[in-house]
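Okay, structure first, notes after.
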Amino acid sequence: MQEVIRKQFTKLRMRDALLIFIGSTIMTIDIKCVLDPAGLVTGGVTGLAIVIKQLTGMWIDGGIPLWISNVLLNVPIFLFAIYAEGFRSIIRTGLSWVIMSVELAIFPEVPLIADNLVLTTAYGGILFGIGTGLILHVHATSGGTDLLGKAIHHYWRSVSMGRLIQILDGAVVIMGAVAFSIEQTLYAIIAVYIMGKLTDMIIDNGKKAKICLIISDSNPDISHDIMNELDRGVTSIPGRGMYTGKDRNILICVCTNHDIPDIKDVVRRYDKKAFFVIGTISEAMGEGFIEHWK
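Heads up, the sequence shown is in my numbering, so the first residue is 150 and it goes up one at a time.
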């Protein structure tokens, strides 16, 4: 039994490391081939590295490379995070940081979208959002402002971690306006919005569910068919209609979005006048949904 558990944990660690590698690589390609060539500063340490590269280009041919800034700027952030939260809390983030730093150094800068800020904004935001989402999905970050905001929040509890990260990223975006142009900064803000949407979609993937509340005189038949035909659990709780004063049972069924049409068919089969409410659950845990809690 212990051997089976050990193998399962090993598979999970390998899966997490693979997702960190894929996510970090996608972000690196996006930075080197989409965002940096277009001068879009979308926040974070990598955004600050793009600003530094642009500003130092006046004295150094090509400016300070992105990987050097990414390493140097993250070192004090990692040290502060270790001091605030301990070494174990940043191991996965450290892996992402190392991967991105190495790839930023060895990957060539090949502009994928030239002279089109609209496409650059759209695809730059999409790629960065996918990469960030994969990394956050396994409880890691790419370092930078995410890690710094989390560490600061350890001492400054009155401000949410999300707000701290927004403030830090906002400061970097403003620096981008100084190094580049207002137009590029405005496009960068749109890219940040796209990143956030894609990141949330990936993080929430597989967690959301639907909840159905059914009130009908045919509840026994409805619950029987849902459980046997659709293989979904149903719970009955007592309720009372305050207008009629009549006691009636309420069926509760947590299911996926794909189950909704079939459940509607079952309810319609027995009672076309049933009271049927469908809601969205942000996260469902337990048998049939997320069975390994994190």
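Each residue gets a CB set at the ideal place from its N, CA and C atoms; glycine is no exception.
Residue pairing of Leu313 in beta bridges, as defined by DSSP: absent, with no partner found. Contact annotation, Leu297 with Ile226: C-beta distance approximately 5 angstroms; criterion of less than 8 angstroms satisfied.
In terms of Cβ geometry, Asn219 and Leu253 form a close pair [threshold 9 angstroms]. Inclusion of Arg417 and Cys402 in the CB contact set at 9 angstroms is not warranted, their separation being larger than that value. By the Cβ neighbour-count rule, Phe236 is exposed, with fewer than 16 other Cβ atoms within 10 Å of its own.
In the three-state DSSP reduction, Asp165 falls in the helix class (H, G or I).
Contact fails between the segment 323–331 and the segment 165–180, because fewer than three Cβ pairs, one in each stretch, are under 8 angstroms apart.
Ile248 is the residue among Ala233, Ile239, Ile248 whose C-alpha sits nearest the C-alpha of Leu168. Only exposed fits Val259, as fewer than 16 other CB atoms lie within 10 angstroms of its CB. Annotation: the continuous alpha helix (DSSP H) that includes Ile231 extends over 215–234.
Counted as a single uninterrupted DSSP element, the stretch harbouring Gly193 is not any beta strand (DSSP E) but the alpha helix (DSSP H) occupying residues 193–205. For the pair Met324 and Leu197, the CB atoms are nearer than the 9 angstroms cut-off.
Judged by DSSP in its simplified three-state form, Asn398 adopts strand. By the neighbour-count criterion, in which a residue is buried when 16 or more other Cβ atoms sit within 10 angstroms of its Cβ, Arg389 is exposed.
The closest CA to that of Ile360, considering only Thr384, Thr269, Arg162, Pro186, is found on Thr384.
By the 16-neighbour rule on beta-carbons within 10 angstroms, Ser431 is exposed.
Here the alpha carbons of Ile201 and Ile209 stand approximately 11 angstroms from one another. For the 9 angstroms CB-CB criterion, Ile338 and Val322 form a contact. DSSP, reduced to helix, strand and coil, places Phe170 within a helical segment of the structure shown. 9 angstroms or more divides the Cβ of Ala423 from the Cβ of Leu189.
Approximately 15 angstroms separates the beta-carbon atoms of Leu184 and Thr174; this is outside 8 angstroms, ruling out the contact. In summary, Lys299 is buried, with 16 or more beta-carbon neighbours lying within 10 Å of its beta-carbon over all protein chains present.
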